Amino acid sequence: MRPVRTALLLGGLTLLLTGLTGLLTDPRVTDPFDVLLWAAGLLVLHDGVWLALVCGVGAALTGRPVLRGWLVVVAAVGAVAVPAVLRAGDDHGNPTLLPLPYLRNWLLFLAASAATAALAALVRRAVRRAPRPGP
Amino acid sequence: MRRGPFRAGAFRSPARGPRTAVVLGRWLGAALLLCFATGLVSHLLQDPPSRLLAVGLPTRPPWGYRVTQGLHVACGLAAVPLAGAKLWSVYPRLFEWPPARSVRHALERAAVAALVAAVLLELFTGLLNTLQWYPWPFPFRQTHYWTAWTAVGALLVHLAVKAPEIAAHWRRARSVPPAGRRAVLAATAAAVGAVTLTTAGQSVPWLRALDLFAPRRPGAGGSALPVNRTAAQAGTVAVPADWHLTVNGPTPYRLDLAALRALPQTTAVLPIACVEGWSANGQWTGVPLPDLLRRAGLPPGSAVRVTSLEADGPYRTTDVPAPYADHPRTLLALALDGRPLTPDHGFPARLIAPDRPGVLQTKWVTRIDPL
């Protein structure tokens, strides 16, 4: 284990320094501090706001695993879909950029996934209520 | 006094734990490493660090870049829910008390902070780049590239630190898993599946019917192939009436469009594969580039520079290394799917070569020079 850990550590530090040096010396990245600021901002938003919200909602929904699972899926797909919904129509005159009806698709996805989750919850309840076979 | 999340027992989900973190970490680690490897391929194709490497770039399979870059974007999108789930699984560690037990412990936590920040920046900038949305003040491509090295470096350091814990929980324990772990893993898997199925149609034709959210879709908007830069954006809508192609070499020459169309034509089915993850095949017809170069007296093995009509832009010129310049299916294309090129697809002539990023398939070509 020790040689593997040492190799990982040394290799990791080398790559880390390569990335930082590149960021600091690339002539096209004129202000590396901006990059640091955005990275730190994303970290604070994700860990400070988003995950706190997720944990709060999760704690409130203890005992409702299907609803929780549906929210996880909706949040994940939303992270990808909502930026497209927000940018729909902003194509800089390029009709092949963002060509789909993203808002309609997002509502469609919410409805279809909610229906699937409701069905799963019903099946789950039915299975739980069914008399168990004897030993 | 320790309050809120710093309170002992503040986080009560039994589904959290080292085994959950290891399973999610494996999935996320695989996605990130695949992103890094495929991203490097893309970078090397666009920015070969030396002429020597450019000579050795592969031209086959012709759909190679289509696969690597399609995977790059698909894995990046799949990593969005994976990163969320992984960070949730270790979230209580953020509130450890005391915040640092030793210098070593402080360094470990700093490496984790660097890892998380770099991964979030990569996923965020990568996602918005596919929408051509740039709300940040730094250049996308260079920042995304260098941050990737930082992220993978921090990932390896993290693996080195956590190696004993990872090894201890690599295999499933014989005991019954705690309540909720399977639900967490199932929800994460479902989220990854849903994100992939609703976006991968931009590069996987048989998933096109499920594609709800990809920023590009071949065949949508009345265009068989999407375009990244339109003729209007490049200022090449009005091609000069006296347009001609200049090929320089030992015996330089000029040809107008009619003369180019009179040369022997070849048809090749080659994909346009964009750095932003979308791709599709087109049926291109035009003059093989090797024919044009031989006519100018350039021997096989010559690399050339192709120049576009566009006045500026990072891809106004592209270098074509010898493996592509010699390839019989590398065309100066004049037609797409049997019809003359539209202005947005590069009228009057564009480059199309096997296994190259779309941004290097220069449009509105006006000149070819030996390098």
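The listed protein sequences correspond, in order, to chains F and Z.
Everything in the first sequence is counted per the numbering used here, starting at 1226 for the first residue and increasing by one.
Everything in the second sequence is counted per the numbering used here, starting at 39 for the first residue and increasing by one.
Note that beta-carbon positions come from the ideal geometry of N, C-alpha and C, so glycine has one too.
None of the values given here were measured: they were computed from a predicted structure.
- Secondary structure note for F:G1303: its alpha helix (DSSP H) is the uninterrupted segment 1290–1312.
- Against chain Z, the beta carbon of F:L1325 has neighbours under 8 Å at D249, L250, F251, A252, R255, A258, listed in chain order.
- Contact with chain Z is absent for F:R1349, since none of that chain's Cβ atoms lies less than 9 Å from the residue's Cβ.
- Within chain Z, the residues whose beta carbon sits less than 8 Å from that of F:V1302 are A229, A232, V233, T236, F251, listed in sequence order.
- Inclusion of F:A1300 and F:Y1327 in the CB contact set at 9 Å is not warranted, their separation being larger than that value.
- At the C-beta level, Z:T234 and Z:L115 come within 9 Å of one another.
- Contact residues of the segment 1278–1299 of chain F toward chain Z are V1279, C1280, G1283, A1284, P1290, R1293, G1294, V1297, V1298 (C-beta to C-beta distance below 8 Å).
- In the three-state scheme derived from DSSP, where H, G and I count as helix and E and B as strand, Z:W322 is classed as strand.
- For the 9 Å CB-CB criterion, F:V1291 and F:R1354 do not form a contact.
- Take Z:N167, set aside five residues on each side of it, and the residues of its chain with a beta-carbon closer than 6 Å to its own are F178, in chain order.
- Interface annotation for the segment 1239–1254 of chain F against chain Z: T1239, L1240, L1241, L1242, T1243, G1244, L1245, G1247, L1248, D1251, R1253, V1254, criterion Cβ-Cβ distance under 8 Å.
- Contact with chain Z is found for F:R1230, since one of that chain's Cβ atoms lies less than 9 Å from the residue's Cβ.
- The C-beta of F:G1314 comes no closer than 9 Å to any C-beta of chain Z.
- Secondary structure note for Z:T356: its beta strand (DSSP E) is the uninterrupted segment 355–358.
- Contact check between the segment 331–340 of chain Z and the segment 360–367 of chain Z: three or more CB pairs, one atom from each, fall below 8 Å, which counts as touching.
- For Z:R292, the enclosing beta strand (DSSP E) stretches over residues 291–294.
- When Cβ-Cβ separations below 9 Å define contact, Z:P264 makes contact with chain F.
- In summary, the residues of the segment 174–191 of chain Z whose CB is separated from some CB of chain F by less than 9 Å are W174, P175, F176, P177, R179, Q180, T181, Y183, W184, T185, A186, W187, T188, A189, V190, G191, in the order they occur in the chain.
- Under DSSP, Z:H282 shares a beta bridge with Z:D294.
- Distance from the CA atom of F:L1241 to the CA atom of Z:A279, rounded to whole angstroms, is 53 Å.
- For F:L1268, the chain Z residues whose Cβ falls inside 8 Å of its Cβ are A151, V154, A155, L158, in order along the chain.
- Annotation: Z:T284 has no Cβ neighbours in chain F at a cutoff of 9 Å; minimum Cβ distance is about 29 Å.
- Interface flag for F:L1233 against chain Z is set, since a Cβ pair is found closer than 9 Å.
- At a cut-off of 9 Å, the C-beta of F:V1274 has no neighbouring C-beta in chain Z.
- Close partners of F:A1346 in chain Z (Cβ separation under 8 Å) are lacking, with about 13 Å as the shortest Cβ gap.
- Here the alpha carbons of Z:H196 and F:A1232 stand approximately 12 Å from one another.
- Secondary-structure assignment with DSSP links Z:V344 through a beta bridge to Z:T356, Z:I406.
- Inclusion of F:V1297 and Z:P326 in the CB contact set at 9 Å is not warranted, their separation being larger than that value.
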